[in-house]
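Below: the structure, in structure tokens.
In our numbering, the protein residues as written are 3 to 82.
Put into structure tokens, the structure is as follows:
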């Protein structure tokens, strides 16, 4: 369990133009805890080799190297 402050971020609005008057004239930037970024990346790298064995072969969306379109095409073949 990570400390709560790891998930906190500070939202900064950077102006896109010289004298911004509307919210759409700003670019939001989220400044997060550097330590949490490092821990997240390390977890990702360590879990990457294990994840494929934990995910069903039927799961295609949000899985590296797979595409949800494969499941959509399979569904179309089954229906027709």
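Ideal Cβ placement from N, Cα and C applies to all residues, glycine included.
Extent of the continuous beta strand (DSSP E) run through residue i
i, result
"residue 57", "It is not in any beta strand (DSSP E) - residue 57 carries neither H nor E in the DSSP assignment."
"residue 16", "11-17"
Beta-carbon spacing of residue i, residue j below 8 angstroms
i, j, result
"residue 70", "residue 62", "yes"
"residue 28", "residue 15", "yes"
"residue 9", "residue 42", "no"
"residue 11", "residue 26", "no"
**Request:** Please specify which runs of the alpha helix (DSSP H), each continuous and at least 4 residues long, are wholly inside the segment 22-76, giving them in chain order.
**Result:** The segment 22-76 contains these whole alpha helix (DSSP H) runs: 36-49, 53-56.
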